[in-house]
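Colleague:
In this note's numbering, the protein residues as written are 467 to 736.
And the structure:
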């Protein structure tokens with residue numbers, strides 16, 4: 467049963483909290499008092515689609531929250547739905563909230579604090595509350611309602627819940643298989659990439675001491691101009707730059723010639 471309903475900034479309501487009592491609760495009032503707003507608020511908790519016009523004028527967001535006390539003898543069908551979406555009752559209650567944003571913002575729905583899609587809220591809401599009004603018989607045109615009545619008449623609700631459980635297990639197994647296949651493909655792609663990188667490294671013919679050689683080569687290239695200047699200066703020192711200033715090579719040649727002449731006199735100097 468719906469035990470408490472909280473409304474904030476919904477339609478023309480600023481703030482309203484209602485504690486419902488077990489049994490029959492009657493809301494009366496003259497036309498235009500806002501009775502239908504309470505029904506609309508409950509409909510919001512059941513997944514009815516709402517636009518920004520549901521937000522009270524001057525407010526940015528509207529909030530509707532309901533506390534539903536669940537009976538101990540929940541139907542197997544309802545229990546399977548809650549299990550499927552991981553929505554376990556807390557202390558025998560479900561807290562359903564719906565937020566609507568004005569001005570094009572995003573709203574949301576929650577069950578026991580967990581965000582859920584609107585379709586899930588609708589599926590749960592169908593089993594929480596029955597709203598009867600004009601044209602209610604039109605619900606019989608929905609295939610889900612037809613299947614529900616057919617399964618109840620056939621007395622196969624327990625079997626349907628078991629099939630639903632097996633379907634959830636099958637979906638879980640398929641998802642696990644999909645993840646394993648994806649991981650295997652990713653491992654194969656990684657292995658191919660690593661093999662390609664290893665082949666490129668092997669083709670490069672790298673050596674252990676190659677880094678030191680490359681660093682030395684880089685140093686030479688960075689100082690090539692200074693090395694060139696040093697080589698020219700050394701050559702000029704050896705060869706001499708003019709006739710008046712003979713170079714080291716000419717001086718050494720003169721020294722060798724002098725020693726050769728002296729060698730004719732003393733063989734030690736030869």
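In this text, a Cβ means the ideal position worked out from N, Cα and C, and glycines have one as well. Every value quoted in this text rests on a predicted model; they were computed, and no experiment measured them.
Judging by CA-CA distance, which residue of 705, 703, 647, 574 is the nearest neighbour of residue 515?
Modeller: Relative to residue 515, the option among 705, 703, 647, 574 whose CA is nearest is 574.
Colleague: What does DSSP give as the partner residues of residue 563 in its beta bridges?
Modeller: DSSP lists 531, 576 as the bridge partner or partners of residue 563.
Colleague: How is the alpha helix (DSSP H) around residue 662 delimited, first residue to last?
Modeller: 623–670
Colleague: Quick check: the Cα distance between residue 486 and residue 642, rounded to an integer number of angstroms?
Modeller: Distance between the alpha carbons of residue 486 and residue 642: 45 Å.
Colleague: So, with DSSP's three-state summary, where would you put residue 592?
Modeller: helix
Colleague: With DSSP collapsed to three states, give me the class of residue 494.
Modeller: coil
Colleague: Taking buried to mean at least 16 other C-beta atoms within 10 Å of its own C-beta, is residue 731 buried or exposed?
Modeller: That one is exposed.
Colleague: By how many angstroms is the C-alpha of residue 597 removed from the C-alpha of residue 561?
Modeller: 19 Å
Colleague: Run the CB neighbour count on residue 475, radius 10 Å, all protein chains shown included, and call it buried at 16 or more, exposed below.
Modeller: buried
Colleague: When we look at the beta-carbon of residue 564 and count the other beta-carbons within 10 Å, is it buried (16 or more) or exposed?
Modeller: buried
Colleague: Given a threshold of 16 other Cβ atoms within 10 Å of its Cβ, counted over all protein chains shown, does residue 704 qualify as buried or as exposed?
Modeller: exposed
Colleague: With a CB to CB cut of under 8 Å and the five nearest residues on each side skipped, what residues in its chain are close to residue 536?
Modeller: Excluding the 5 residues flanking it on each side, residue 536 has same chain C-beta neighbours closer than 8 Å at 555, 558, 559, 560, in chain order.
Colleague: Answer yes or no: do residue 532 and residue 631 have a C-beta to C-beta separation smaller than 8 Å?
Modeller: no
Colleague: Using DSSP with H/G/I as helix, E/B as strand and the rest coil, what is residue 675?
Modeller: Note: residue 675 maps to coil in three-state DSSP.
Colleague: Quick one, which of 700, 510, 504, 728 has its alpha-carbon nearest residue 715's?
Modeller: 700
Colleague: For residue 547, count the other beta carbons within 10 Å of its own beta carbon; 16 or more makes it buried, fewer makes it exposed. Which is it?
Modeller: With 16 or more other Cβ atoms within 10 Å, it is buried.
Colleague: Start and end of the alpha helix (DSSP H) containing residue 617?
Modeller: 609–620
Colleague: Do the region 516–526 and the region 492–502 touch if we need at least three Cβ pairs shorter than 8 Å?
Modeller: Contact fails: fewer than three Cβ-Cβ distances are below 8 Å.
Colleague: Could you pull the start and end residues of the alpha helix (DSSP H) that residue 690 belongs to?
Modeller: First-last of the alpha helix (DSSP H) with residue 690: 690–705.
Colleague: Note down, in chain order, each residue of its chain lying with its Cβ closer than 7 Å to the Cβ of residue 482, except the 5 sequence neighbours on either side.
Modeller: Only 473 meet the Cβ criterion.
Colleague: Is it true that the CB of residue 512 sits closer than 8 Å to the CB of residue 740?
Modeller: Residue 740 is absent from the model: the chain starts at 467 and stops at 736.
Colleague: Please work out which residues of its chain come closer than 7 Å, Cβ to Cβ, to residue 719, disregarding the five sequence neighbours upstream and downstream, and give them in chain order.
Modeller: Cβ contact annotation for residue 719 (same chain, cutoff 7 Å, sequence separation greater than five): none.
Colleague: In whole angstroms, give me the CA-to-CA distance for residue 522 and residue 612.
Modeller: Rounded to whole angstroms, residue 522 to residue 612 spans 38 Å at the Cα level.
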